[in-house]
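FYI, in numbering that gives the first Met the number 0 the residues of the sequence shown are 0 to 157. Note that the Cβ used here is the ideal one computed from N, Cα and C, for glycine as well.
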Amino acid sequence: MTDEEYMQLAVEEAERAAALDEVPVGCVVVRRGEIIARAHNTRETGKCALGHAELNAIRDACRTAGGWRLNDTTLYVTLEPCPMCAGAILNARIDRVVIGARDPRAGAFGSLCDLNALPLNHKTEITDGVLADKSAALLSSFFKRKRDKQPDKGDAAE
0 MTDEEYMQLA
10 VEEAERAAAL
20 DEVPVGCVVV
30 RRGEIIARAH
40 NTRETGKCAL
50 GHAELNAIRD
60 ACRTAGGWRL
70 NDTTLYVTLE
80 PCPMCAGAIL
90 NARIDRVVIG
100 ARDPRAGAFG
110 SLCDLNALPL
120 NHKTEITDGV
130 LADKSAALLS
140 SFFKRKRDKQ
150 PDKGDAAE
């Protein structure tokens with residue numbers, strides 16, 4: 000499969016998140032051509048700040064792999080990982096990360112900061128922009144729907 004095909008599977012995970020009223024981020028972990036984990040955000044449904052798509056996928060990939068080292072893996076994610084997730088990716092020894100949309104507010108692989116540039120004992124290869132428009136559109140439409148549902152706070156003060 001190609002990067003685009005794996006990223007499309009991550010997009011499908013993001014769509015599952017959106018259907019649960021979760022921020023639509025999806026993730027797929029692949030080792031030697033085999034999908035070993037798929038996940039999406041579950042912070043709201045799981046009521047846990049750690050419910051990011053990447054952490055959910057890494058947890059499942061470790062179970063599948065039988066250990067915490069995820070060498071020879073590629074992680075596909077629809078939104079650039081935050082510092083927490085970037086740290087987990089580096090600690091899990093993931094070889095490559097393929098990113099859909101960049102995240103200027105919280106992205107930790109080059110947008111807001113770059114954990115990969117720190118003198119840590121592992122570096123990951125970054126490929127970005129794969130299905131970026133589709134990934135960004137999911138996020139934009141999700142947050143637009145959220146804003147449209149909020150009551151107009153100006154009316155309450157009158």
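Within 9 Å, strictly: CB atoms of A36 and G25 | no
Is E79 helix, strand or coil by DSSP?
-> coil
Rounded Cβ spacing between D94 and T63 (contact assumed at less than 8 Å) | Their Cβ separation, rounded to whole angstroms, is 16 Å, which puts D94 and T63 out of contact at 8 Å.
Comparing the C-beta of E124 with each C-beta of chain C, is any distance below 9 Å?
-> Any reference to chain C falls outside this structure, which holds one protein chain only.
Taking V24 as part of the alpha helix (DSSP H), name the residues at either end of that continuous run.
-> Neither: V24 is in no alpha helix (DSSP H) and is coded neither H nor E.
Identified DSSP bridge partners for R30 | E33, T72
My guess is that F78 and D102 are in contact by the Cβ rule of under 8 Å, so how many angstroms apart are they, rounded?
-> Reading the sequence as shown, one finds Leu at residue 78 and not Phe. Between D102 and L78 the Cβ distance is about 5 Å, and since that is below 8 Å, they are a contact.
Under 8 Å by Cβ, that's how I've got V96 and I88 pegged, so tell me the actual separation to the nearest angstrom.
-> 6 Å
Could you tell me the distance, in whole angstroms, from the CA atom of I34 to the CA atom of V28?
-> So the two alpha carbons sit approximately 6 Å from each other.
What do you reckon, are the CB atoms on M6 and G66 nearer than 9 Å?
-> no
Return the CA-CA distance between N120 and K148, expressed in angstroms with no decimal places.
-> 46 Å
Neighbourhood of D20 by C-beta, 7 Å cutoff - its chain only, sequence neighbours within 5 removed | E43, listed in sequence order.
Return yes when the Cβ of A52 is within less than 9 Å of the Cβ of A13, no when it is not.
-> Yes, they are a contact pair.
Over what stretch of residues does the alpha helix (DSSP H) that includes T63 continue unbroken?
-> 52–64
Limits of the unbroken alpha helix (DSSP H) element including A13 | 2–18
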